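The sequence shown begins at -14 in the numbering used here and counts up one residue at a time.
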Amino acid sequence: MATLAAAYQAGRMPHGLLIHEAPGSGGDWLAQWTARLVLCQSATGAPCGACPSCHRVLNAQHPDLLVLQPIEDSKQIRIEQVRELSQELSLTAHQGAYKVAIITPADTLNRFAANALLKTLEEPPPRTLLMLVVTQPSRLPATILSRCQRVRLKAPGRKEAISWLEGTRGAGDWNAVLDTLGDAPMLAADVDPKAVVQVGQEVRRALEEATTGAGDPVATAERWSRADFPLRLRCIENWLTERIRAQSGSEGFLTKVGAAPYPGGRVAVLNMGDLFELVDGVRELKSSLDSPINRGLALEAILRRFGPGQRTRLRT
Ligand SMILES: [Zn+2]
């Protein structure tokens, strides 16, 4: 907020702003705040939150703020949407100030849509602000990235996140929720904490079991693909990244108390190569959630790779 406010006050607001957020760290919120910053009618140099403009932005009713996101069933932002946006941006602002567009999540722009957006980014009308909110900028074309200034939004520390969640949602075992979801407070704010922790524990148990060759991958995959599938994939991903961190020694994970109760002796069972391959597999499945693949089969293949007999052939 401070960086953006300073840029705005100095007249250095870029036309293209890439908000690179850690998952669940409030990228959309920051984009909306920035929209208020440039559209606010008060002369304070910060969004007042009280003027008609600020109110309209907060109620998603400001005529000079356009939000582009995938339309309902579609998981992509399509070229027609971008064309409409560009046309709207070329008109004079209703309130004579900025015209603002928020594109979120920007990595849902399909190839054609991204190309169409490029034209607007290359020659933006004056007093235009295009904000792209994204967790993985590498999924955007380099041509788009090179035309945006980047703001990095890191996940807050655990303590900070918990105190924010307690203030926003009230008491709860937020530490366990963040263990399950990763340090993504804005994501955690939208869930039922008890249900999430329960799913997290179940996934953790099943994965521990799978590494010893116990458990039934077919039945587990079938059951998980029918309920809370995206959440379970996230849990698997977190379980794997925890182990990658532990093995790379970057976070002192092994001495962490309270989280991840599993016997230390098993940590090294999956080596670094295995872990990275598995993370890739899970991420691939996450990004293809909407394509007509057989979720159960795809997950089963991943779960099998946790088992002791399956891994040697994967090592290269
Ligand atoms: Zn205002």
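Every residue, glycine too, gets a C-beta built ideally from N, C-alpha and C. The structure presented is a predicted model; accordingly, all values stated were derived computationally and were not measured.
### Task
Pick helix, strand or coil for residue 125, following the three-state DSSP scheme.
In the structure shown, residue 125 sits in coil (DSSP, three-state: anything other than H, G, I, E or B).
### Message
On a Cα-Cα basis, can you pick out the residue from 133, 225, 212, 176 that is closest to residue 153?
### Response
Per the Cα distances, 176.
#### Entry: Coarse secondary structure for residue 134, derived from DSSP in three states
Three-state DSSP puts residue 134 in a strand.
### Query
With DSSP run on the structure shown, which of helix, strand or coil describes residue 34?
Annotated three-state conformation of residue 34 is coil, per DSSP.
### Task
Measuring alpha carbon to alpha carbon, tell me which of 88, 32, 11, 76 ends up nearest residue 54.
Comparing Cα-Cα distances from residue 54 to each of 88, 32, 11, 76, the minimum goes to 88.
### Query
Could you give the distance in angstroms between the alpha-carbon of residue 195 and the alpha-carbon of residue 219?
If you take the alpha carbons of residue 195 and residue 219, they lie about 17 Å apart.
### Task
Decide if residue 5 is buried, meaning its Cβ has at least 16 other Cβ atoms within 10 Å, or exposed.
Of the residues assessed, residue 5 falls on the buried side of the cut-off, its CB having 16 or more other CB atoms within 10 angstroms.
### Query
Should residue 26 be listed as close to ligand 1, given that the test is whether its C-beta is under 8 Å from any heavy atom?
True, at least one ligand heavy atom lies under 8 Å from that Cβ.
### Task
Could you name the residues that DSSP lists as bridge partners for residue 79?
Beta-bridge pairing links residue 79 to no other residue.
### Query
Are residue 222 and residue 264 closer than 9 Å when you measure CB to CB?
In this structure, residue 264 lies closer than 9 Å to residue 222 by Cβ.
### Message
Using 8 Å for Cβ pairs, my map puts residue 125 next to residue 91. What's the rounded Cβ distance?
### Response
Indeed, because the Cβ distance is near 6 Å, the residues count as touching under 8 Å.
### DSSP bridge partner residues for residue 113 (one or two, in chain order)
In the DSSP output, where bridge partners are listed per residue, residue 113 has 84.
### Message
Quick check on residue 222: does DSSP put it in helix, strand or coil?
### Response
Residue state, collapsed to three classes: helix.
### Task
Give the secondary structure of residue 288 by DSSP, where H, G and I count as helix, E and B as strand, and everything else as coil.
In the three-state reduction of the DSSP assignment, residue 288 falls in the helix class, which pools H, G and I.
#### Entry: Among 171, 84, 160, nearest to residue -2 - alpha-carbon criterion
Closest option to residue -2, Cα to Cα, is 84.
### Task
Could you have a look at residue 52 and say whether DSSP puts it in helix, strand or coil?
Residue 52 falls in the strand class under three-state DSSP.
### Query
So, residue 229 versus residue 260, is the Cβ gap smaller than 9 Å?
Cβ distance < 9 Å, so residue 229 and residue 260 count as in contact.
#### Entry: Option nearest residue 293 by Cα separation, candidates 267, 266, 255, 35
Residue 255 is the option with its Cα nearest to residue 293.
### Query
Between which two residues does the alpha helix (DSSP H) carrying residue 194 extend?
First-last of the alpha helix (DSSP H) with residue 194: 178 to 196.
### Query
Going along the chain, which residues of its own chain have a beta-carbon closer than 6 Å to the beta-carbon of residue 27, five neighbours each way excluded?
These residues qualify, in order along the chain: 33, 36.
### Task
With a threshold of 8 Å, establish whether the CB of residue 152 neighbours any heavy atom of ligand 1.
For ligand 1, not one heavy atom lies less than 8 Å from the Cβ of residue 152.
### Query
Quick one, are the C-beta atoms of residue 284 and residue 274 less than 9 Å apart?
No, the pair does not count as a contact, with Cβ atoms beyond the cut-off.
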